[in-house]
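Asks: Heads up: the sequence lines are chains A and B, in that order.
The first sequence runs 7 to 360 under our numbering.
The second sequence runs 531 to 821 under our numbering.
Don't be surprised by glycine CBs; every beta carbon is placed ideally from N, CA and C.
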Amino acid sequence: MKKVFPILAIALGLVLSLVLTLFAFGLDVPRSLGLIFDGALGNRFGLATALVRSTPLVLAGLGMVVAWRAGMFNIGGEGQYMMGALGGAWIAQILIPIAPAPVVNIAILLVGTVFGALFAAFAGWLQVSRGVQVVISTILLNFVAFEVVNWAIRGPLQEAKRQLPQTQSLPDAVMMMRFDPQTSLHSGVIFPLIAVGVVWVFLFVSKAGLKLRFVGDNQDAGKANQLPTGRIQISAMAWSGGLCGLAGTIDYVGLVGHLGSGHAQNWGFLAIPVALLGGLHPVGTLLSGLYFGVLFAGSENLARFTPIGTTIVYVIQAVAVLSFVAFPRLAGEWVKRTSAKKVALAGSPREGVE
Amino acid sequence: MAALEFAANLLRYAAPVSIAALGESVSQKSGVINIGLEGQMLLAAFAATLVGSRTGNPWLALLAALLVGLVFAMIQGFFTLRLLVDQVVIGTAVNLFALGLTSTLFRVVFGQSGQLVSLPDLPKVFGPFDLGMVLLLPLAIGITWFLTRTKPGLALRGAGEYPAAVESAGYSVMGLRAGAIAFGGALAGLAGGYLAIASAGSFAENMTAGRGFVAIAMVTFGRWKPIWVFGASLLVGAAELTQFLLQAQAVGIPHQVFRAMPYVLALAVLVFVGKGTSVPMALGLPYRREK
Chain A
7 MKKVFPILAI ALGLVLSLVL TLFAFGLDVP RSLGLIFDGA LGNRFGLATA
57 LVRSTPLVLA GLGMVVAWRA GMFNIGGEGQ YMMGALGGAW IAQILIPIAP
107 APVVNIAILL VGTVFGALFA AFAGWLQVSR GVQVVISTIL LNFVAFEVVN
157 WAIRGPLQEA KRQLPQTQSL PDAVMMMRFD PQTSLHSGVI FPLIAVGVVW
207 VFLFVSKAGL KLRFVGDNQD AGKANQLPTG RIQISAMAWS GGLCGLAGTI
257 DYVGLVGHLG SGHAQNWGFL AIPVALLGGL HPVGTLLSGL YFGVLFAGSE
307 NLARFTPIGT TIVYVIQAVA VLSFVAFPRL AGEWVKRTSA KKVALAGSPR
357 EGVE
Chain B
531 MAALEFAANL LRYAAPVSIA ALGESVSQKS GVINIGLEGQ MLLAAFAATL
581 VGSRTGNPWL ALLAALLVGL VFAMIQGFFT LRLLVDQVVI GTAVNLFALG
631 LTSTLFRVVF GQSGQLVSLP DLPKVFGPFD LGMVLLLPLA IGITWFLTRT
681 KPGLALRGAG EYPAAVESAG YSVMGLRAGA IAFGGALAGL AGGYLAIASA
731 GSFAENMTAG RGFVAIAMVT FGRWKPIWVF GASLLVGAAE LTQFLLQAQA
781 VGIPHQVFRA MPYVLALAVL VFVGKGTSVP MALGLPYRRE K
C-alpha cells in the first residue's frame, strides 16, 4: 500500500496535467483526448508510433536516472544522443562495403553506445579531476557535439552525391528489423525493456550500484568510507552517456536511416523530466517514458485536426514536473504553518518562536 | 563607415547573449544558477512579438519582454528560494514549458505554418547603432561598479560565497538572491525582446536556439566578471558573424570550427585555468535559514 499510493498520485497528476493543459489552450477536452487516444492507441499505426517515440525517451531517461542518482546533473543528453548517432554513422560508412549487414548493425549499436559513453565520461572526468561542474560542461559539450555533427555531415560523412547535409542512407538490410512494413515499428523498441532490467540490476542488486547510490546521497560519506568517489562518478556518467548514445543510435539505425543536423528532436532534454516523473527509478522511468511516447504519438494526430501540435506535450511535461516538485512542498509548508499557528494559540513558548 | 557598420552588425548578433549573460552573472554571483534562462528569453521574445506586431511600438514590445522575463524569473525563484527545489530541475521545467508554450501559441495566434511576422525595429540613436548596442558597455561597467563598490553589491556577492555570514551580518540571503534573480530575469526578458525586435525582426519557433545556454556558458568563460563576460559575448557574436562572411568567401576552414570556438575556449579556460577564486562558492546550493 505504501508504494502504491505515490504511484497512483503520480498517474492521476499526469492525467490531470494533460486535461488542464488541453483546457488551458481552449481545446474541446473530450474530443482532443479522443484524438490523442486514436492517434496513439487506436490502431496498429498509432501503437507503433507510440512505441517508437517512447524508445529514446526511456533509454535516455534511464541514462538520467543513473547519472542523477550518482549526484551528477547530466544535462548533456542531447549532445550524447547526437554523438551516439555520429559514432554509428561513422562505423557504418567504414563497415558497409566490407562486412555482412547483421555485423554492421551490431557494430553501429556498439560504437554508438561507446561514443555516447566516452563523451559523457569526459564531462565526468572534467568534474572529478579539474573541478568543472557537469552542469556547465555538459551545456558546453552539447554545442560542441552539434557542431561536430554539422561538420561531419557536410564533410567526411556526407552522402555520396554531396548535395544534402546528411549521411548516406543505410541499406535496408542494415536497419533494425521491421515487423510490419507499413508501420514504423522496429525491433529496436525491445532495447528499452532490456535496459530497464539491466539498469535495475545495476542500481539495486550489484555492489557497484549500491556504491553509486551511496556516493550520490552523500559524497563526503563516500569519501569517508574510502570509496573511489571520482571513479564512481565518472562511470555513472559513462553509463548515462552510453544510454543516451544508444537512444540516438537506435533512432538512427531503426527509424531514420541517416543522420542530419535535426536528428536529436529534444529527446535528450525531454529525458530529464521523464526520469524525474519516473521518480528516478528504472521502472518508473519506463512507465513515464511510455506515457509520454503515447502523448507524442497522440498529439501528432491532434495536429492533423487542430492548430495544436506535438509541442503541447512539452507544456504538459513541464506542468507535471512543476506540480510534482511544488505540491508536496507547498503542502508541507502549509501543514507546518497551520500547526505552528495552533501551537502558538496553545501558547507553547518553545515551538512558537522561530 | 564600413568599420562602424561591422561593429553594429557584431553587436546586433552579440547583444542578446550579452544582455542575458550580464544578468546571469549577477544572479550567479548571488549563488543562483539560472538554467531556465533559455526559457525566459524565449517567452520574452514571444511576448515582444505579440505586443510589437499588435502595437507597432518597439518600446512597448521591449517592456512586455522585460516584464515577462521578470515574472517567470520570480516564479522560478519562488520554487528555488522558498520551496528549495533543485535549481537544475526547475530550470529544465521552465525551458520545456517555454518551448512548448511559445511554439503552440505561435501556431495558434499567427497561423498553422507560422507566416512571417514583421516587427517594428528599434530606432538608431547614433550612426548605425541602436540604444541596446550603445548601452551594453555602460551596463557592464554599472554592474561591475555595483558589485564591487556598493554595500548591497558586496552583500550580494557574499550571498553567493558564504550565505551564513551574510545572514549573520543582518542581511536576508533570500532577499538578496530574490533581487538578483529579478534583475537577471528582467535582463533575460530584454535579451529575448531584443532578439525578436532588433536581431531577427521576427519570431520563429525555438528562435533562441540555445542562446540562453550560451549566455550561462559565457558567464563562466568571463570568470564572473561583467566586463569579461561582455567580451566573451562579443566573441560569440564575432563567431556567428564570421561564419556568414566565411561562407560567402568559401575559405578552407570549416565554419563549424568558428561556431564551436566559444564553447571549446570556455571549456579550455575552465580546464586549464581552473575555477580560480572568482567562482561563487555557494553557486547552485540552496540556502536554508538556521532556525
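Which bits of chain B does N156/A rub up against, with CB to CB less than 8 Å?
Replies: On the first sequence, position 150 is the one that residue 156/A refers to. Correct list: Q786, R789.
Asks: Can you name the residues of chain A whose CB is closer than 7 Å to the CB of G740/B?
Replies: One-based indexing of the second sequence puts residue 740/B at position 210. Near G740/B (Cβ distances below 7 Å), the residues of chain A are F149.
Asks: Distance check for A670/B and A545/B, CA to CA, integer angstroms please.
Replies: Taking the second sequence and counting its residues from 1, one reaches residue 545/B at position 15. Taking the second sequence and counting its residues from 1, one reaches residue 670/B at position 140. Roughly 12 Å between the two C-alpha positions.
Asks: Rounding to the nearest angstrom, what Cα-Cα distance links P650/B and G582/B in this structure?
Replies: Start at 1 with the first residue of the second sequence, and residue 650/B comes out as number 120. Start at 1 with the first residue of the second sequence, and residue 582/B comes out as number 52. For P650/B and G582/B, the distance between alpha carbons rounds to 6 Å.
Asks: Using 8 Å as the threshold, is the segment 296-309 of chain A in touch with the segment 37-52 of chain A, meaning 3 or more CB pairs across them?
Replies: yes
Asks: Inspect the beta-carbon positions of A324/A and L626/B and report whether they are closer than 8 Å.
Replies: Within the first sequence, residue 324/A is the residue found at index 318, counting from 1. Within the second sequence, residue 626/B is the residue found at index 96, counting from 1. Yes, these two residues count as a Cβ contact at 8 Å.
Asks: Going by DSSP in three states, V211/A sits in which element: helix, strand or coil?
Replies: Position 205 of the first sequence, counting from 1, holds the residue named residue 211/A. Three-state DSSP puts V211/A in coil, outside helix and strand.
Asks: How would you call M737/B, buried or exposed, if buried means at least 16 neighbouring beta carbons within 10 angstroms?
Replies: Counted from its first residue, the second sequence places residue 737/B at position 207. That one is buried.
Asks: Output, in chain order, the set of chain B residues within a Cβ distance shorter than 8 Å of I240/A.
Replies: One-based indexing of the first sequence puts residue 240/A at position 234. Those do not exist, as I240/A stays about 15 Å from chain B at its closest Cβ, beyond 8 Å.
Asks: Helix, strand or coil: which one does DSSP assign to Q164/A?
Replies: Along the first sequence, one-based indexing puts residue 164/A at 158. Strand.
Asks: My understanding is that G247/A touches Q86/A, with C-beta atoms under 8 Å, so please give their C-beta distance in whole angstroms.
Replies: On the first sequence, position 241 is the one that residue 247/A refers to. On the first sequence, position 80 is the one that residue 86/A refers to. About 4 Å; that satisfies the 8 Å criterion.
Asks: For H192/A, which residues does DSSP report across the bridge?
Replies: Counting from one through the first sequence, the residue named residue 192/A turns up at place 186. Checking the DSSP bridge columns, you'll see H192/A partnered with R184/A.
Asks: List the endpoints of the continuous beta strand (DSSP E) containing K755/B.
Replies: Here residue 755/B refers to the residue found at position 225 of the second sequence. Premise fails: K755/B is in no beta strand (DSSP E) and is neither H nor E.
Asks: Are the beta-carbon atoms of T632/B and L720/B separated by less than 8 Å?
Replies: Counting from 1 along the second sequence, the entry for residue 632/B is found at position 102. Counting from 1 along the second sequence, the entry for residue 720/B is found at position 190. No, these two residues do not count as a Cβ contact at 8 Å.
Asks: Hey, how far is the Cα of A332/A from the Cα of P588/B?
Replies: Counted from its first residue, the first sequence places residue 332/A at position 326. Counted from its first residue, the second sequence places residue 588/B at position 58. Distance between the alpha carbons of A332/A and P588/B: 36 Å.
Asks: With C-beta atoms as the reference, is G723/B less than 8 Å away from L592/B?
Replies: What you label residue 723/B is simply residue 193 of the second sequence in a count that begins at 1. What you label residue 592/B is simply residue 62 of the second sequence in a count that begins at 1. Yes; because the gap between Cβ atoms is below 8 Å, this pair is in contact.
Asks: Using the beta-carbon count (16 or more within 10 Å), is I196/A buried or exposed?
Replies: Numbered from 1 along the first sequence, position 190 holds the residue referred to as residue 196/A. With fewer than 16 other Cβ atoms within 10 Å, it is exposed.
Asks: Answer with yes or no whether the minimum CB distance from L797/B to chain A is below 8 Å.
Replies: On the second sequence, residue 797/B is found 267 positions in, with the first residue counted as 1. Cβ-Cβ to chain A under 8 Å: yes for L797/B.
Asks: Which stretch, first to last residue, makes up the beta strand (DSSP E) that contains V655/B?
Replies: Counted from its first residue, the second sequence places residue 655/B at position 125. Residue range 654-656 is occupied by the beta strand (DSSP E) that includes V655/B.
Asks: For G266/A, list the residues DSSP reports as bridge partners.
Replies: Here residue 266/A corresponds to residue number 260 of the first sequence, with the count starting at 1. DSSP lists Q172/A as partners of G266/A.
Asks: What's the C-alpha gap between T634/B and V664/B?
Replies: Position 104 of the second sequence, counted from the first residue, corresponds to residue 634/B. Position 134 of the second sequence, counted from the first residue, corresponds to residue 664/B. Taking the straight line joining both Cα atoms gives about 35 Å.
Asks: May I ask whether a heavy atom of the ligand MN can be found less than 7 Å away from the beta carbon of T316/A?
Replies: Summarising the ligand content, the structure contains no ligands, and the ligand MN is consequently not present.
Asks: Within 8 Å of any Cβ in chain A, is that where the Cβ of I549/B sits?
Replies: Sequence index remark: in the second sequence, residue 549/B carries index 19 (1-based). False, the Cβ-Cβ gap to chain A never drops below 8 Å.
Asks: Using the beta-carbon of each residue, which ones in chain A are nearer than 7 Å to R637/B?
Replies: Here residue 637/B is taken as the residue at index 107 of the second sequence, counted from 1. Those are P313, G315, listed as they occur along chain A.
Asks: If we ignore side chains and look at the alpha-carbon of each, how far apart do V341/A and R612/B end up?
Replies: The count along the first sequence starts at 1 and reaches residue 341/A at position 335. The count along the second sequence starts at 1 and reaches residue 612/B at position 82. One C-alpha to the other measures close to 15 Å.
Asks: Give me the DSSP bridge partner(s) of F659/B.
Replies: For the purposes of this step, residue 659/B is taken as residue 129 along the second sequence, with counting starting at 1. For F659/B, which the question treats as bridged, DSSP gives the partners F656/B.
Asks: Provide the residue span of the alpha helix (DSSP H) that contains E568/B, from first to last.
Replies: Position 38 of the second sequence holds residue 568/B. Residues 567-585.
Asks: Quick check on G353/A: does DSSP put it in helix, strand or coil?
Replies: Taking the first sequence and counting its residues from 1, one reaches residue 353/A at position 347. Only weak support is given to the placement of G353/A: the predicted model assigns it a pLDDT of 47, under 50, and the value that follows is read from those uncertain coordinates. G353/A falls in the coil class under three-state DSSP.
Asks: Counting only Cβ-Cβ distances shorter than 9 Å, please list the residues of the segment 43-62 of chain A near chain B, keeping chain order.
Replies: none
Asks: If you measure beta-carbon to beta-carbon, which residues of the segment 170-190 of chain A are closer than 9 Å to chain B?
Replies: none
Asks: Determine whether the Cβ of F609/B lies closer than 8 Å to any Cβ atom of chain A.
Replies: As a first step, residue 609/B must be located in the second sequence, where it is residue number 79. Closer than 8 Å to some Cβ of chain A, the Cβ of F609/B qualifies, so yes.
Asks: Based on Cα-Cα distance, which residue from G657/B, F676/B, L534/B, F576/B lies nearest to S555/B?
Replies: Walking along the second sequence from the start, residue 555/B turns up at place 25. Ranking G657/B, F676/B, L534/B, F576/B by Cα distance to S555/B puts F676/B first.
Asks: Using a beta-carbon distance below 8 Å, is F774/B in contact with chain A?
Replies: Start at 1 with the first residue of the second sequence, and residue 774/B comes out as number 244. Chain A contact via Cβ: absent.
Asks: What is the rounded straight-line gap between the Cα of L261/A and the Cα of I238/A?
Replies: Position 255 of the first sequence, counted from the start, is the residue given in the question as residue 261/A. Position 232 of the first sequence, counted from the start, is the residue given in the question as residue 238/A. Cα-Cα distance, rounded: 34 Å.
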